[in-house]
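Colleague: Sequential numbering of the sequence shown, starting at 1473, is according to the working numbering.
Even glycine gets a Cβ: it sits at the ideal position worked out from N, Cα and C.
After the structure tokens below, expect a handful of questions from me.
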Amino acid sequence: MVKICCIGASYVGGPTMAVIALKCPSIEVAVVDISVPRINAWNSYQLPIYEPGLDAVVKQCRGKNLFFSTDVEKHVREADIVFVSVNTPTKTTRGLGAGKAADLTYWESAARMIADVSKSDKIVVEKSTVPVKTTEAIEKILTHNSKGIKFQILSNPEFLAEGTAIQDLFNPDRVLIGGRETPEGNKAVQALKDVYAHWVPEDRILTTNLWSAELSKLAVNAFLAQRISSVNAMSALCEATGADVTQVSYAVSKDTRIGPKFLNASVGFGRSCFQKDILNLVYICECNGLLEVAEYWKQVIKINEYQKNRFANRVVSSMFNTVSNKKIAILGFAFKKDTGDTRETPAIDVCKGLLGDKARLSIFDPQVTVDQIQRDLTMKKFDWDHPLHLQPISPTTVKQVTCVWDAYEATKDAHGICILTEWDEFKNLDFKRIYDNMQKPAFVFDGRNIVNVDQLREIGFIVYSIGKPLDAWLKDMPAVA
Ligand SMILES: NC(=O)c1ccc[n+]([C@@H]2O[C@H](COP(=O)([O-])OP(=O)(O)OC[C@H]3O[C@@H](n4cnc5c(N)ncnc54)[C@H](O)[C@@H]3O)[C@@H](O)[C@H]2O)c1
Ligand SMILES: O=c1ccn([C@@H]2O[C@H](COP(=O)(O)OP(=O)(O)O[C@H]3O[C@H](CO)[C@@H](O)[C@H](O)[C@H]3O)[C@@H](O)[C@H]2O)c(=O)[nH]1
1473 MVKICCIGAS YVGGPTMAVI ALKCPSIEVA VVDISVPRIN AWNSYQLPIY EPGLDAVVKQ
1533 CRGKNLFFST DVEKHVREAD IVFVSVNTPT KTTRGLGAGK AADLTYWESA ARMIADVSKS
1593 DKIVVEKSTV PVKTTEAIEK ILTHNSKGIK FQILSNPEFL AEGTAIQDLF NPDRVLIGGR
1653 ETPEGNKAVQ ALKDVYAHWV PEDRILTTNL WSAELSKLAV NAFLAQRISS VNAMSALCEA
1713 TGADVTQVSY AVSKDTRIGP KFLNASVGFG RSCFQKDILN LVYICECNGL LEVAEYWKQV
1773 IKINEYQKNR FANRVVSSMF NTVSNKKIAI LGFAFKKDTG DTRETPAIDV CKGLLGDKAR
1833 LSIFDPQVTV DQIQRDLTMK KFDWDHPLHL QPISPTTVKQ VTCVWDAYEA TKDAHGICIL
1893 TEWDEFKNLD FKRIYDNMQK PAFVFDGRNI VNVDQLREIG FIVYSIGKPL DAWLKDMPAV
1953 A
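Structural data, given as structure tokens:
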């Protein structure tokens, strides 16, 4: 029986391995992590991450051919194939490349551990998103101390998106496998292909050299984020001219060369992946002396910062240029719907912007805990190009924040509402009831374009939707970005 071990039991390691176990009953899969609470949660009824469809997959395989464990060394030692799916955040502290380069500390320590504990030949699969040429460094670590054991290293980047991870894994656009172009490398690629071939059609399994696989992952994220920044840049122009960004993006999407996906204007893209992977790309360009190329990709992140600032400024300027001591309801804190993940969520920047102007915030998100919100709002944000108001806020400011478990509670007596995540349940709220319980004039700032603007205006709200023709009230109060 082939044995797989995956180091890192989080958003990628957990769902990916659960799907491999489900689709390949003849393979034994162990997912290991150094975090005891995380592994305990995987072995309980309350999984550590919220992902639609994940519970059912885990329930079918756990204890049969899917195991979660903190005994990292044992499972690595026994495995034929070791996936490494640890965190590769942006290097935030001082040192070479700080603020842009990927921090490979976790990857390196995983590689050293694999080299130390292995007693048989292994295929090591790079699942984490890493800079181009990381495999080369990992190869050196593994082979330096290999005691005659042979390691083949493959790059197999993951393209799942949170909130749709299970459907993305069941039906991937492609599976990408990069390997050494040697007989041993080809054999390792084939072994991994055989795993995916249990459910992925052969024409969707692409094989490349190692560097193409690593770079393709960064390229895809850069292209996706670039689409969002492009449509968000258009949204500012729409507001200035009276065009409607939904109409514009629909017209753009009808061009078959462009297509319809990833063209929704929003308060900004979140999650560390887009920002960290583009910063990573920028750093690689700079290291290769390609300064203009680096500047080009940096602009995608700058527009994202601009969009978040623009939104917070719009709220303040619309409400008579101050939100001091006003209650603002924040509906949604996660970076997108159907996940509890808040990493780099635009809500952090918008909330910090409003708190900087001394607003009182009442926050509701169906999947994010109070502790997480407090942690996010007090955490120091690393400074790559951030305005001052996004720096850490003081404990007194945090007292201006309450978290509640109901949208009606959050909006009670509020002066304004900011919708920051597109949760489906926000579309069906009783806005008449909400309006009746709010201070007047009552404002709605829709950062996800999910509300029916006409209906809300009829109720009496002053409504701001990203990239839409402005309410007469707002026209006279231009937002300064
Ligand atoms: N989250 C996504 O949607 C997504 C999608 C595609 C790719 N990726 C990439 O996949 C990688 C993992 O992402 P994630 O969101 O699952 O990461 P994460 O940061 O949520 O979790 C990483 C896990 O690895 C564990 N870990 C770190 N070092 C370890 C070690 N030496 N031994 C055992 N466990 C260790 C940590 O305890 C943690 O549970 C990243 O490189 C990310 O860029 C993420
Ligand atoms: O038209 C759009 C689409 C998305 N977003 C925002 O963009 C962010 C990212 O969304 P999404 O890409 O759906 O989620 P992620 O889980 O971050 O997935 C991205 O990042 C992963 C990590 O690398 C990749 O594996 C995925 O392919 C890639 O889509 C979220 O804040 C969304 O709200 C928009 O504002 N407008």
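Who are the Cβ neighbours of H1670 in its own chain at under 7 Å, not counting the five residues just before and after it?
Modeller: In the sequence shown, residue 1670 corresponds to position 198, counting from 1. Excluding sequence neighbours, H1670 sits near K1495, C1496.
Colleague: Out of A1708, P1673, I1625, T1883, which one is the CA nearest neighbour of E1656?
Modeller: Indexing the sequence shown from 1 puts residue 1656 at position 184. Of A1708, P1673, I1625, T1883, the residue nearest in Cα terms is I1625.
Colleague: Is T1636 a contact residue of ligand 2, with contact defined as CB to any heavy atom under 8 Å?
Modeller: Your numbering for residue 1636 matches position 164 in the sequence shown. Yes, Cβ of T1636 sits closer than 8 Å to a heavy atom of ligand 2.
Colleague: Sort out for me which residues DSSP pairs T1680 with in a bridge.
Modeller: Taking the first residue of the sequence shown as 1, we reach residue 1680 at position 208. Paired residue(s): G1650.
Colleague: With a CB to CB cut of under 6 Å and the five nearest residues on each side skipped, what residues in its chain are close to T1654?
Modeller: Within the sequence shown, numbered from 1, the residue matching residue 1654 stands at position 182. Taken in chain order, the list of residues that qualify is empty.
Colleague: Counting Cβ pairs closer than 8 Å, one from the segment 1534 to 1541 and one from the segment 1715 to 1722, do we hit at least three?
Modeller: No: fewer than three Cβ pairs fall under 8 Å.
Colleague: Within 10 angstroms of the Cβ of P1732, are there 16 or more other Cβ atoms? Answer buried if so, exposed if not.
Modeller: Here the question's residue 1732 lines up with position 260 in the sequence shown. Exposed: under 16 other Cβ atoms inside 10 Å.
Colleague: Looking at the strands, I want to know which residues DSSP matches up with Q1624.
Modeller: Taking the first residue of the sequence shown as position 1, residue 1624 is located at position 152. Q1624 is bridged to I1595.
Colleague: Quick one: residues in its chain with C-beta nearer than 6 Å to the C-beta of D1918, no 5 flanking neighbours on either side, listed in chain order?
Modeller: As a working note, residue 1918 is residue 446 in the sequence shown. Within the same chain, D1918 has close Cβ partners I1891, S1937.
Colleague: What do you get for L1568, buried or exposed, if any count of 16 or more other CB atoms within 10 angstroms of its CB means buried?
Modeller: Within the sequence shown, residue 1568 is the residue found at index 96, counting from 1. Classification of L1568: exposed, given that the 10 Å Cβ count is below 16.
Colleague: Would you check whether ligand 2 has a heavy atom nearer than 8 Å to the C-beta of L1641?
Modeller: Numbered from 1 along the sequence shown, position 169 holds the residue referred to as residue 1641. Because no heavy atom of ligand 2 lies under 8 Å away, the Cβ of L1641 does not count as near it: no.
Colleague: If you draw a straight line from the alpha carbon of V1788 to that of A1944, how long is it in whole angstroms?
Modeller: For the purposes of this step, residue 1788 is identified with residue 316 of the sequence shown, where counting begins at 1. For the purposes of this step, residue 1944 is identified with residue 472 of the sequence shown, where counting begins at 1. Looking at the two C-alpha atoms, the distance is approximately 16 Å.
Colleague: At a cut of 8 Å, does the segment 1797 to 1812 reach the segment 1831 to 1839 through at least three beta carbon pairs?
Modeller: With a cut-off of 8 Å, the segment 1831 to 1839 and the segment 1797 to 1812 count as touching, because enough Cβ pairs lie within range.
Colleague: So, are the CB atoms of T1606 and E1686 less than 9 Å apart?
Modeller: If you number the sequence shown from 1, residue 1606 lands on position 134. If you number the sequence shown from 1, residue 1686 lands on position 214. Cβ distance < 9 Å, so T1606 and E1686 count as in contact.
Colleague: Go ahead and pull the three-state DSSP assignment for V1501.
Modeller: Here residue 1501 corresponds to residue number 29 of the sequence shown, with the count starting at 1. Looking at V1501 - three-state DSSP - the assignment turns out to be strand.
Colleague: S1834 bridges to which residues according to DSSP?
Modeller: As a first step, residue 1834 must be located in the sequence shown, where it is residue number 362. Answer is A1801, T1874, bridged to S1834.
Colleague: Could you give the C-beta distance for A1490 and V1530, rounded to a whole number, given that I count them as a contact under 8 Å?
Modeller: Translated into the one-based positions of the sequence shown, residue 1490 becomes position 18. Translated into the one-based positions of the sequence shown, residue 1530 becomes position 58. Going by Cβ atoms, the distance from A1490 to V1530 rounds to 5 Å, so yes, they are a contact pair.
Colleague: Between the Cα of N1704 and those of P1644, K1689, V1739, spot the shortest distance and give me the residue it belongs to.
Modeller: Reading the sequence shown from its first residue, position 232 is the one you call residue 1704. Taking only the C-alpha atoms, the option nearest N1704 is V1739.
Colleague: Can you find a heavy atom of ligand 2 that lies under 8 Å from the Cβ of L1709?
Modeller: For the purposes of this step, residue 1709 is taken as residue 237 along the sequence shown, with counting starting at 1. No.
Colleague: Ordered along the chain, which non-local residues of its own chain (more than five positions away) have a Cβ less than 7 Å from that of V1925?
Modeller: Within the sequence shown, residue 1925 is the residue found at index 453, counting from 1. Within the same chain, V1925 has close Cβ partners V1935, S1937, K1940.
Colleague: Measuring CB to CB, does D1843 end up less than 9 Å from T1893?
Modeller: Here residue 1843 refers to the residue found at position 371 of the sequence shown. Here residue 1893 refers to the residue found at position 421 of the sequence shown. Contact: no.
Colleague: Do you know offhand how far D1902's Cα is from Q1846's?
Modeller: Translated into the one-based positions of the sequence shown, residue 1902 becomes position 430. Translated into the one-based positions of the sequence shown, residue 1846 becomes position 374. Answer to the nearest angstrom: the Cα atoms are 28 Å apart.
Colleague: Which value, in whole angstroms, describes the spacing of the CA atoms of Y1907 and F1933?
Modeller: As a first step, residue 1907 must be located in the sequence shown, where it is residue number 435. As a first step, residue 1933 must be located in the sequence shown, where it is residue number 461. Rounded to whole angstroms, Y1907 to F1933 spans 7 Å at the Cα level.
Colleague: Given L1696, which residues of its chain have a CB within under 8 Å of its CB, disregarding the five upstream and five downstream residues?
Modeller: By 1-based counting over the sequence shown, the position of residue 1696 is 224. F1734, F1746, listed in sequence order.
Colleague: Within this structure, are the beta carbons of G1635 and P1520 separated by less than 9 Å?
Modeller: Within the sequence shown, the letter at position 163 stands for residue 1635. Within the sequence shown, the letter at position 48 stands for residue 1520. No. Outside cutoff.
Colleague: Please state whether the Cβ-Cβ distance between K1808 and T1601 is less than 9 Å.
Modeller: For the purposes of this step, residue 1808 is taken as residue 336 along the sequence shown, with counting starting at 1. For the purposes of this step, residue 1601 is taken as residue 129 along the sequence shown, with counting starting at 1. No, these two residues do not count as a Cβ contact at 9 Å.
Colleague: K1556 and I1479: beta carbons closer than 9 Å?
Modeller: Within the sequence shown, numbered from 1, the residue matching residue 1556 stands at position 84. Within the sequence shown, numbered from 1, the residue matching residue 1479 stands at position 7. Correcting the residue type first, residue 1556 is Val in the shown sequence and not Lys. Yes, Cβ-Cβ distance for V1556 and I1479 is below 9 Å.
Colleague: Do you know offhand how far C1710's Cα is from Q1927's?
Modeller: The count along the sequence shown starts at 1 and reaches residue 1710 at position 238. The count along the sequence shown starts at 1 and reaches residue 1927 at position 455. Cα to Cα, C1710 sits roughly 21 Å from Q1927.
Colleague: For S1744 and Q1639, I'd like the C-alpha separation in whole angstroms.
Modeller: Numbered from 1 along the sequence shown, position 272 holds the residue referred to as residue 1744. Numbered from 1 along the sequence shown, position 167 holds the residue referred to as residue 1639. Whole-angstrom Cα-Cα distance: 21 Å.
Colleague: Would you say the segment 1809 to 1816 touches the segment 1767 to 1782, given that touching needs at least three Cβ pairs under 8 Å?
Modeller: No, they do not touch.
Colleague: So the alpha helix (DSSP H) G1825 belongs to, where does it begin and stop?
Modeller: Your numbering for residue 1825 matches position 353 in the sequence shown. Its alpha helix (DSSP H) spans residues 1818 to 1828.
Colleague: Return yes when the C-beta of E1686 is under 8 Å from any heavy atom of ligand 2, and no when it is not.
Modeller: Counting from 1 along the sequence shown, the entry for residue 1686 is found at position 214. Not so, every heavy atom of ligand 2 lies at least 8 Å from the Cβ.
Colleague: Considering only the alpha carbon of each residue, which of K1612, C1875, T1817 lies closest to M1851?
Modeller: Here the question's residue 1851 lines up with position 379 in the sequence shown. Nearest C-alpha to M1851: T1817.
Colleague: Do V1554 and E1594 have their beta-carbon atoms positioned less than 9 Å apart in this structure?
Modeller: Taking the first residue of the sequence shown as position 1, residue 1594 is located at position 122. Taking the first residue of the sequence shown as position 1, residue 1554 is located at position 82. Just to set this straight, residue 1594 is Lys in the shown sequence, not Glu. In contact: K1594 and V1554 (Cβ atoms closer than 9 Å).
Colleague: Of all the options G1571, L1682, I1649, P1561, which has the alpha carbon lying nearest to the alpha carbon of A1663?
Modeller: The residue given as residue 1663 occupies position 191 in the sequence shown. A1663 has its Cα closest to that of I1649, out of G1571, L1682, I1649, P1561.
Colleague: Please report the straight-line C-alpha distance between D1505 and T1542, rounded to a whole angstrom.
Modeller: Taking the sequence shown and counting its residues from 1, the one referred to as residue 1505 is at position 33. Taking the sequence shown and counting its residues from 1, the one referred to as residue 1542 is at position 70. Approximately 5 Å between the Cα atoms of the pair.
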